[in-house]
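Report on the structure given below.
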Amino acid sequence: AAPADTPALVLAAVSVKRVFASWPKFLNALVYAAARRLPVYLWVGEAPAPHLGDVCKDSKHDDDPHVKIAATAVLLGHPRVPAAFARDLDLVVEGRAVRDPMAATHDAISIHDENRVDVAVPCTAHGGRHRLRATKLYVRDVPAARNFLDLWLDHRCGAERWYHPLRDAAYRAGVAGGCLKSEGARLIANRTRTEKQPALNYLFRRCPTFRFGCGQHFVMPEFHVLKSHDLAGGSDLERLGLAGLDHDVIYSAAR
Numbered sequence: 023a024a025p026a027d028t029p030a031l032v033l034a035a036v037s038v039k040r041v042f043a044s045w046p047k048f049l050n051a052l053v054y055a056a057a058r059r060l061p062v063y064l065w066v067g068e069a070p071a072p073h074l075g076d077v078c079k080d081s082k083h084d085d086d087p088h089v090k091i092a093a094t095a096v097l098l099g100h101p102r103v104p105a106a107f108a109r110d111l112d113l114v115v116e117g118r119a120v121r122d123p124m125a126a127t128h129d130a131i132s133i134h135d136e137n138r139v140d141v142a143v144p145c146t147a148h149g150g151r152h153r154l155r156a157t158k159l160y161v162r163d164v165p166a167a168r169n170f171l172d173l174w175l176d177h178r179c180g181a182e183r184w185y186h187p188l189r190d191a192a193y194r195a196g197v198a199g200g201c202l203k204s205e206g207a208r209l210i211a212n213r214t215r216t217e218k219q220p221a222l223n224y225l226f227r228r229c230p231t232f233r234f235g236c237g238q239h240f241v242m243p244e245f246h247v248l249k250s251h252d253l254a255g256g257s258d259l260e261r262l263g264l265a266g267l268d269h270d271v272i273y274s275a276a277r
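Quick note: the sequence shown uses our numbering, first residue 23, plus one each step.
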């Protein structure tokens, strides 16, 4: 059993076929979680439709990022889940760090243990602006974090639904927490789609009611994208921390 106050690892896919298409990567996540005694939860199915009627009538519900967020939102209601890491199925950890947490450059669990943020996502900064990414996510089971996930799901509209809904949810949660008081921020938070938004610097770690952070090494930094065609055969078993598992079982499941 996982120790008390241990965050869960959330994986999600729109279908069982999608899980099997990423089977070695899925096993990689299980081995990684077992080495760190993280409970793993898998959601299979589409995300619920938005709650805002016509506001999001053109939004799709079957994208992996939205499924992942819906799964995380549901899981945070579980009494034994104090927090959750959610990540895309296409991400992997390579080398000794898969099975040996001491070999990892960064301690993935530290963001939870340090208790400085309630929501965190990867981001890169360009010219004073932050580009938030939905590939990985950390959320603590607190009202502000749950509200953030609900806002993300309720406002996932438009063609650029991988990027803008995440930024919009951060702004909306900042306004709801009383930390964003400028008229510009309020206008942004009340718009469904946006093209230009001011930097989020003043929100990061400055909002006691919505402790939000981002950075390149904030959330499971050892996980990165690995294309399916890069997984060629037996030599990859050790690379993905799967050495000792039956090769045919690993690779035939995805066929």
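Quick reminder that beta carbons are idealized off the backbone N, C-alpha and C, glycines included.
(Q) My output table needs one value for Arg118: the three-state DSSP class, helix, strand or coil. (A) Indexing the sequence shown from 1 puts residue 118 at position 96. Looking at Arg118 - three-state DSSP - the assignment turns out to be helix.
>> Looking at the secondary structure, which residues open and close the alpha helix (DSSP H) in which Phe48 lies?
In response: Taking the first residue of the sequence shown as position 1, residue 48 is located at position 26. Per DSSP, Phe48 belongs to the alpha helix (DSSP H) from Trp45 to Ala57.
Applying the 10 Å Cβ sphere with the 16-neighbour rule, what's the burial state of Ala93?
If you number the sequence shown from 1, residue 93 lands on position 71. Classification for Ala93: buried.
Q. Where does Phe170 fall in DSSP's three states?
A. On the sequence shown, position 148 is the one that residue 170 refers to. In the structure shown, Phe170 sits in a helix (DSSP, three-state: H, G or I).
Are the Cβ atoms of Leu97 and Tyr54 separated by less than 8 Å?
Taking the first residue of the sequence shown as 1, we reach residue 97 at position 75. Taking the first residue of the sequence shown as 1, we reach residue 54 at position 32. No, they are not a contact pair.
Query raised in the report: beta strand (DSSP E) containing Arg233: first to last residue?
Result: Reading the sequence shown from its first residue, position 211 is the one you call residue 233. No beta strand (DSSP E) holds Arg233; DSSP gives it neither H nor E.
### Message
Within a Cβ cutoff of 7 Å, which residues of the same chain sit near Asp172, ignoring the five residues on either side of it in sequence?
### Response
Locating residue 172 in the sequence shown gives position 150, counting from the first residue. Excluding residues within five positions, the ones whose Cβ falls inside 7 Å are Ala95.
(Q) My output table needs one value for Val96: the three-state DSSP class, helix, strand or coil. (A) If you number the sequence shown from 1, residue 96 lands on position 74. It is helical.
Kindly list the residues whose CB is nearer than 6 Å to the CB of Leu188, restricted to its own chain and excluding five residues on each side of it in sequence; keep chain order.
-> Within the sequence shown, the letter at position 166 stands for residue 188. So the qualifying residues of the chain are Leu154 and Ala156.
Taking Cβ positions, are Glu244 and Val115 nearer each other than 8 Å?
Stepping through the sequence shown from its first residue, residue 244 is reached at position 222. Stepping through the sequence shown from its first residue, residue 115 is reached at position 93. Result yes, Cβ atoms of Glu244 and Val115 sit closer than 8 Å.
* Asked: Short check: CB of Val241 to CB of Pro165, under 8 Å?
  -> Taking the first residue of the sequence shown as position 1, residue 241 is located at position 219. Taking the first residue of the sequence shown as position 1, residue 165 is located at position 143. Going by C-beta atoms, Val241 is not nearer than 8 Å to Pro165.
- Are Ala35 and Val66 touching if we call contact CB-CB under 8 Å? To locate residue 35, count along the sequence shown from 1; it is residue 13. To locate residue 66, count along the sequence shown from 1; it is residue 44. Yes; because the gap between Cβ atoms is below 8 Å, this pair is in contact.
Mind checking which residues open and close the alpha helix (DSSP H) that includes Asp135? As a working mapping, residue 135 is identified with position 113 in the sequence shown. Note, Asp135: alpha helix (DSSP H), Ser132 to Asp135.
Checklist line | Selection from Ala51, Glu68, Arg109 and Pro46 that minimises the alpha carbon distance to Ser37 | finding: On the sequence shown, residue 37 is found 15 positions in, with the first residue counted as 1. For Ser37, the closest C-alpha among the options Ala51, Glu68, Arg109 and Pro46 is that of Glu68.
Problem set entry | Residue environment, Ala26, which counts as buried when at least 16 other CB atoms sit within 10 Å | Mapped onto the sequence shown, residue 26 falls at position 4. With fewer than 16 other Cβ atoms within 10 Å, it is exposed.
Q.
Here's the rule I'm using: 16 or more other beta-carbon atoms within 10 Å means buried, otherwise exposed. How should Pro29 be labelled?
A. Counting from 1 along the sequence shown, the entry for residue 29 is found at position 7. Pro29 is buried by the Cβ-count criterion.
**Prompt:** Secondary structure at Ala156, three-state DSSP: helix, strand or coil?
**Reply:** Residue numbering aside, residue 156 sits at position 134 when the sequence shown is read from its first letter. Correct three-state label for Ala156: coil.
Exercise for the section: Taking Arg40 as the reference, give the member of Tyr160, Asp112, His100 and Asp135 with the closest Cα. Expected result: For the purposes of this step, residue 40 is identified with residue 18 of the sequence shown, where counting begins at 1. Minimum Cα distance to Arg40 is reached at Asp112.
Margin query: With the cut-off set at 8 Å, would you say Val32 and Leu262 are in Cβ contact?
Written below: Position 10 of the sequence shown, counted from the start, is the residue given in the question as residue 32. Position 240 of the sequence shown, counted from the start, is the residue given in the question as residue 262. Taking 8 Å as the Cβ cut-off, Val32 and Leu262 do not qualify as a contacting pair.
Open item on the list: Quick check: the Cα distance between Thr127 and Ala198, rounded to an integer number of angstroms?
Closed with: Counted from its first residue, the sequence shown places residue 127 at position 105. Counted from its first residue, the sequence shown places residue 198 at position 176. Going from the Cα of Thr127 to the Cα of Ala198 covers about 36 Å.
For this session: Report the three-state DSSP secondary structure of Leu188 (helix, strand or coil).
Result: Taking the sequence shown and counting its residues from 1, one reaches residue 188 at position 166. DSSP places Leu188 in helix when its eight states are reduced to three.
For this session: Flag this pair as yes or no: are the beta carbons of Val58 and Ile131 separated by less than 8 Å?
Result: Position 36 of the sequence shown, counted from the start, is the residue given in the question as residue 58. Position 109 of the sequence shown, counted from the start, is the residue given in the question as residue 131. The identity of residue 58 in the sequence shown is Arg, whereas the question assumes Val. Yes, they are a contact pair.
- Is it buried or exposed for Pro230, if we count other Cβ within 10 angstroms and need 16 for buried? Position 208 of the sequence shown holds residue 230. The Cβ neighbour count for Pro230, taken over all protein chains shown within 10 Å, is under 16; the residue is labelled exposed.
Beta-carbon within less than 6 Å of Lys160's beta-carbon, same chain only, minus the 5 sequence neighbours each way: which residues are those? One-based indexing of the sequence shown puts residue 160 at position 138. As written in the sequence, residue 160 is Tyr, which differs from the Lys given in the question. The answer, listed in chain order, is Phe107, Ile133, Ala142 and Val241.
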